[in-house]
Amino acid sequence: MSCPMCSKETDKKYRPFCSKRCADLDLGKWMSGDYAVASQDEDDADELVQELDRAMRERAEEDTSKLH
């Protein structure tokens, strides 16, 4: 089996990765949203829209406060 990040041979300690570095890189991709699991659940879409609206309002408030 090869590491999904760099294709080197995997290390039993970090399997399926070859090292902590590659495991951390993969985790970073999940955390940043580079990876995503598709969902057909309508509730997930509604929650996403609500979260995006909330994030946009917070960003607008931050930008406004920086102006003053």
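For any residue, its number in my numbering is found by taking its place in the sequence shown, counting from 1, and adding 12. Where a beta carbon is used, it is the ideal one built from N, C-alpha and C, also for glycine.
In chain order, which alpha helix (DSSP H) runs of at least 4 residues are fully inside the segment 31-77?
Correct list: 32-44.
Name the DSSP beta bridge partners of S14, please?
BP columns for S14 point to E21.
By how many angstroms is the C-alpha of M17 removed from the C-alpha of L37?
Spanning the two alpha carbons is a distance of roughly 8 Å.
So, at 7 Å on beta carbons, what are the nonlocal neighbours of Y47 in its own chain, with the 5 sequence-adjacent residues on each side left out?
Answer for Y47: K41, listed in chain order.
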